[in-house]
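With the first letter of the sequence shown counted as 1, position 64 gets the number 64 in full-length UniProt numbering; the numbers rise by one all the way through. Below is one structure, written out as C-alpha cells, with a few remarks after it.
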Amino acid sequence: MTRTHTNGHAPAGVHHGDPNAHRPEPIDVEETSTLIDEGVREELRAIVARYPQPRSALLPMLHLVQSVEGRVTAAGIEACAEILQISAADVSGVATFYTMYKRRPVGRYHVGVCTTSLCAIMGGDELFAALQDHLGVGNDETTEDGVFTLEHIECNAACDLAPVMTVNWEFFDSQTPDSAVDVLERLRSGEEVRATRGARVCTWKQAERVLAGFPDGRADEGPTSAPESRLGLRIAAERGWTAPPVPGRDEPSGDRNPQAQTQAAGAQGHAEDASLKQAESKESGVSADEARPASGPAGGQTGTSTATEEGSARRGEGENGTTKGGEA
Ligand code: FES
C-alpha cells in the first residue's frame, strides 16, 4: 500500500533528523469545499451556550468541525471565529497547537501507538514498526484506502498497561505486534471490535462528535479501568489506609478537632472502598448493590453517598469527553 500525502508536504515525524519533522503543518487554505452548513453552525452555537465565556467553547467546537470535515478546515476555522467573534488567526493558533486537531484528513480509524519511555521499553517501538510494515505507511500518514491513519502518540497515562495502542482514542492495552495487527484486520473486515477498556470502536468522525460533547450513549460500555490500575486502591482498602482529609472538602471550616478529622478520614476510606467495589462489580457484571455487603463500611450511609456521587461524576466525564462509539 502506498503512502498518501494529501497536501504534498513530506510526512512529519518518522524521519529522524528531518528539520521539518516537528514543524506545525499549516491549515490548507486552498481547499474551499466544505460541509459546514447552517445545521453545523447551529450545533457550534449550542456548544458555545454551555460555557460562561464563549471562547472556552473553542476546543469542543474544533472537535465538531473535525467530526464533519474529517479535519480542521479553513471553513471550519472561519465558522468558529465568526461565532466566537474572534479572529481566524486566534482559532488557527489553537488548532495548530494541539495534536488532536488534524490538518490532513484522518482515516476511518486513527491508530495511535504510545512510544513514550515506558511503552517504548515495553515494546511500543516494535509495535509501531510492525504496524508501519503492515499498513505500509509512516507516522501521521493514511493508508491509500483511507481506512487507517498511523501516529506516534505521547504517554496516555496507561503506563501500567504498556505498551498501549489507541484506536480512535479507545484503549488497547498490553499489546504485542501480533495482537495489534489482529485488531486492525478485524476492523478492516468490518467486525465489531471492543476496546480492552471502553466502548466498541466507532469511526474517527463519530469519536470526534463525542469529544465535541454530543454523547452517543456508549459511555458505560466496557470496563473503565483495569485491575492493574486499581491494585494500589485494593492494597490500601485491605490495610485500612486512607488519604489525609482534603481541607475544605473533608473538613468543615473551623471544625478541626481530632474526632471530626477521624470521622472524615473514615468516611473517605469507606468511599474509596465502595468506589473499588463499584469498579470491580462493573467488570464482573455484578451490580454495585449486589456486590456490597448488607452491612459494613461500604454500605454505611456516608460512604455510599460519597461513592455514588463520585461514580456519577466519573460517568459524566466519560460521556462528555473520553468515551466514544455509535454511528455518525
Ligand atoms: S508511556 Fe505509554 S502510556 Fe505512559
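All residues carry an ideal CB built from backbone N, CA and C; glycine is no exception. Keep in mind that this is a model prediction, so the values were computed, not measured.
Between Leu64 and Glu82, the CB-CB gap reaches or exceeds 7 Å. The segment 218–228 and the segment 191–208 touch, with three or more beta-carbon pairs separated by less than 8 Å. Between Tyr98 and Gly112, the alpha-carbon positions lie close to 15 Å from each other. Between Leu58 and Val106, the beta carbon gap of about 20 Å keeps them out of contact (Cβ cut-off 8 Å). The three-state secondary structure of Ile153, taken from DSSP, is strand. Cβ-Cβ distances below 7 Å link Ser87 to Ala81 in the same chain, with the five nearest sequence neighbours on each side left out; the list follows chain order. Here Arg186 is exposed. Its C-beta has fewer than 16 other C-beta atoms within 10 Å. Under the three-state reduction of DSSP, Val113 is assigned to strand.
Thr166 has Gly112 and Phe171 as its beta-bridge partners, per DSSP. Considering only Tyr51, Ala46 and Val72, the residue with the shortest C-alpha distance to Ser33 is Val72.
Arg194 sits in a strand when the DSSP states are folded into three classes.
Listed by position along the chain, the residues with Cβ atoms less than 7 Å from a non-hydrogen atom of ligand 1 are Cys114, Thr116, Ser117, Leu118, Cys119, Gly124, Cys155, Asn156, Ala157, Ala158, Cys159, Ala162, Pro163 and Val164. For Glu141, DSSP records a beta bridge to Leu150. Annotation for Asp182: the continuous alpha helix (DSSP H) segment containing it runs Pro177 to Arg188. Distance from Trp204 to Tyr109 at the Cβ level is roughly 6 Å; contact confirmed, criterion being Cβ atoms closer than 8 Å. Beta bridge pairing from DSSP links Arg218 with no other residue. Rounded to whole angstroms, the Cβ separation of Leu161 and Leu150 is 20 Å, and the two are not in contact under 8 Å.
For the set Gln175, Val164 and Thr143, the Cα lying nearest the Cα of Arg188 is the one of Thr143. Of all alpha-carbon atoms in Leu35, Ile36 and Gln66, the one lying nearest the alpha-carbon of Gly213 is that of Gln66.
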